[in-house]
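Counting in UniProt numbering, the sequence shown runs from 1 upward without gaps.
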Amino acid sequence: TKRDLSLSYLAQDSRFESENTIYDEMLHVFDDLRMTEKRLRSMEEQMGSLSGSELDQLMKTYDSLSEEFRLAGGFSYEADIRAILNGFKFDQTMWDMKISELSGGQNTRLALAKMLLESPELLVLDEPTNHLDIETIAWLENYLVHYKGALIIVS
1 TKRDLSLSYL AQDSRFESEN TIYDEMLHVF DDLRMTEKRL RSMEEQMGSL SGSELDQLMK
61 TYDSLSEEFR LAGGFSYEAD IRAILNGFKF DQTMWDMKIS ELSGGQNTRL ALAKMLLESP
121 ELLVLDEPTN HLDIETIAWL ENYLVHYKGA LIIVS
């Protein structure tokens with residue numbers, strides 16, 4: 001049995017409270033990845049001042065960390081955020097809006113968008129289409145067809 005399974009559950013009419021903007025809240029999903037990115041940038045700056053074995057060691061560490069970053073989606077997470085926000089009809093003009101200003105339906109859509117970005121191994125959705133129009137339902141169905149984890153959908 002697997003004991004460290006990542007799980008997300010979206011209940012009917014889920015809401016989350018936050019004073020963050022829509023985009024900043026989605027960025028928080030990738031905090032670990034963003035820290036790795038900062039570490040890589042710092043290492044790049046250090047490379048200019050090192051030589052010899054110190055530089056060789058830093059390059060090895062950098063190569064390993066860079067590969068981890070790539071495999072974790074480090075070069076695509078911002079595009080993933082944009083795609084999911086657009087899929088749930090949060091166009092770029094809304095990204096600076098505070099979550100606390102969203103309607104109930106918008107808040108539920110955003111909660112679902114965030115869960116998809118988190119990519120848990122098991123995603124449990126209870127009536128996920130309640131606040132979605134036909135076009136967004138079609139987008140979600142297409143997204144879920146390609147979802148890499150397991151799904152339980154109650155409808």
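The beta-carbon is built from N, C-alpha and C at its ideal position, and this holds for glycine as well.
query, result
"So, with DSSP's three-state summary, where would you put valine 29?", "coil"
"Which one or two residues does DSSP pair with aspartate 126 in a beta bridge?", "Val154"
"Span of the alpha helix (DSSP H) holding serine 64?", "52 to 71"
"Is DSSP giving lysine 89 helix, strand or coil here?", "coil"
"Classify serine 8 as helix, strand or coil using the three-state DSSP reduction.", "strand"
"Can you find the residues in the same chain that come closer than 7 Å, C-beta to C-beta, to isoleucine 77, ignoring five residues on each side of it along the sequence?", "At residue 77 the sequence reads tyrosine, which differs from the isoleucine that was named. So the list reads Phe30, Leu33, once near-sequence residues are dropped."
"So what does DSSP say about leucine 38, is it helix, strand or coil?", "The question names leucine, but residue 38 in the sequence shown is lysine. Note: lysine 38 maps to helix in three-state DSSP."
"For histidine 146, is the classification buried or exposed, using 16 other Cβ atoms within 10 angstroms of its Cβ as the cut-off for buried?", "exposed"
"Between which two residues does the alpha helix (DSSP H) carrying glutamate 141 extend?", "134 to 145"
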